[in-house]
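To convert, take the position in the sequence shown, counting from 1, and add 1; that gives our numbering. Data first, discussion second: the structure below is written as structure tokens.
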Amino acid sequence: MTMGSSAEGRQGAGDAWAVMEKFYAAEAAYVAAGGQGTANYEQAAAYLDPEVVLHQAPGLPFTGSGTWRGRDGMERFLARFSEVWESMEFLDQEHWGDGDTVVVRSRVRFRARATGREVETLILQLISVRDGRMLECRPFYWDPAAIAEACGWAGTEGEGEDPAG
């Protein structure tokens, strides 16, 4: 296993990290543009395997109860995510891995659409890549309570599993 930072470019985790750097930039642009209906999803979709799976833990304003499958599922997830967040800024990132697998630790600042509040938090993601595209992602949020509070969310929404899941 090797370690790198965004300042070191494509060293370290290799292919998987190179894919994720591009995806993170496209994801932030999608959120900043306002999400579904106003943003260009194709920029993010270009870095997603057709069989991509995102495993989100339940209990946050944007996660549903968990599994988002395929590019359509990811588009629905990003639409929901951008309804909750007005902006997201990656403040720093570290990554470990090799070839098709990478673990990314990101310090991120989000601004909630509903409240205008900002929250800075850590996210750890376990990601696998196939043929230069994200195949699977499992994010872990350091402080879910702070995220929910910034959004003014009481946890009463019960979206359930993504219908494509």
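Even for Gly, the Cβ is constructed at its ideal location relative to N, Cα and C. Owing to the predicted nature of the structure, the values given are computational and were not obtained by experimental measurement.
Excluding five sequence neighbours on each side, which residues of the same chain lie with their C-beta closer than 6 Å to the C-beta of Ala-14?
Reading the sequence shown from its first residue, position 13 is the one you call residue 14. Caution is warranted here: a pLDDT of 41 is assigned to Ala-14, below 50, making its placement in the model unreliable, and no coordinate value can be reported.
Write down every uninterrupted run of the beta strand (DSSP E) in the region 29 to 86 whose length is 3 residues or greater and which is fully enclosed by it, in chain order.
The qualifying runs are 49 to 56 and 68 to 70.
Starting from the C-beta of Pro-140, find all residues in its chain whose C-beta is less than 6 Å away, skip the five residues before and the five after it, and write them out in chain order.
The residue labelled residue 140 in the question sits at position 139 within the sequence shown. If the five residues before and after Pro-140 are omitted, its C-beta is found closer than 6 Å to the C-beta atoms of Ile-124 and Gln-126, all from its own chain and listed in chain order.
Mind checking whether Leu-92 and Arg-114 have CB atoms under 8 Å apart?
As a position in the sequence shown, residue 92 is number 91, starting the count at 1. As a position in the sequence shown, residue 114 is number 113, starting the count at 1. Cβ atoms of Leu-92 and Arg-114: not closer than 8 Å.
Within 10 Å of its beta-carbon, does Arg-110 have 16 or more other beta-carbons around it, so buried, or fewer, so exposed?
In the sequence shown, residue 110 corresponds to position 109, counting from 1. It counts as exposed.
Skipping 5 residues on each side, what residues in its chain have a beta carbon closer than 7 Å to that of Val-85?
The residue given as residue 85 occupies position 84 in the sequence shown. Within its own chain, the residues whose Cβ lies closer than 7 Å to the Cβ of Val-85, once the five positions on either side in sequence are excluded, are Pro-62, Phe-63, Ala-113, Arg-114 and Cys-152, listed in chain order.
Would you kindly work out how many angstroms separate the C-alpha atoms of Val-54 and Glu-121, rounded to a whole number?
Within the sequence shown, residue 54 is the residue found at index 53, counting from 1. Within the sequence shown, residue 121 is the residue found at index 120, counting from 1. Linking Val-54 to Glu-121 through their CA atoms gives a straight-line distance of about 26 Å.
Between Val-130, Gln-57 and Tyr-142, which has its C-alpha nearest Arg-106's C-alpha?
The residue labelled residue 106 in the question sits at position 105 within the sequence shown. When each option's Cα is compared against that of Arg-106, the closest is Tyr-142.
Spatial neighbours of Trp-154 in its chain, beta-carbon cut-off 7 Å, leaving aside the 5 residues before and after
Residue numbering aside, residue 154 sits at position 153 when the sequence shown is read from its first letter. Cβ within range, chain order: Pro-62.
Between His-56, Ala-33 and Asp-144, which lies nearest to Thr-68 when the distance is taken from Cα to Cα?
Residue numbering aside, residue 68 sits at position 67 when the sequence shown is read from its first letter. The residue with the shortest Cα to Cα distance from Thr-68 is His-56.
Would you tell me roughly how many angstroms separate the C-alpha atoms of Ala-8 and Glu-22, rounded to the nearest one?
The count along the sequence shown starts at 1 and reaches residue 8 at position 7. The count along the sequence shown starts at 1 and reaches residue 22 at position 21. At Ala-8, the pLDDT of 37 sits below 50, so the modelled position is not reliable; the number obtained from the coordinates is stated separately. For Ala-8 and Glu-22, the distance between alpha carbons rounds to 11 Å.
Under DSSP, the beta strand (DSSP E) around Ala-113 begins and ends at which residues?
For the purposes of this step, residue 113 is identified with residue 112 of the sequence shown, where counting begins at 1. Looking at the DSSP string, the run of the beta strand (DSSP E) that includes Ala-113 is 102 to 113.
So, are the CB atoms of Arg-134 and Leu-79 less than 8 Å apart?
On the sequence shown, position 133 is the one that residue 134 refers to. On the sequence shown, position 78 is the one that residue 79 refers to. The criterion of a C-beta distance shorter than 8 Å is not satisfied by Arg-134 and Leu-79.
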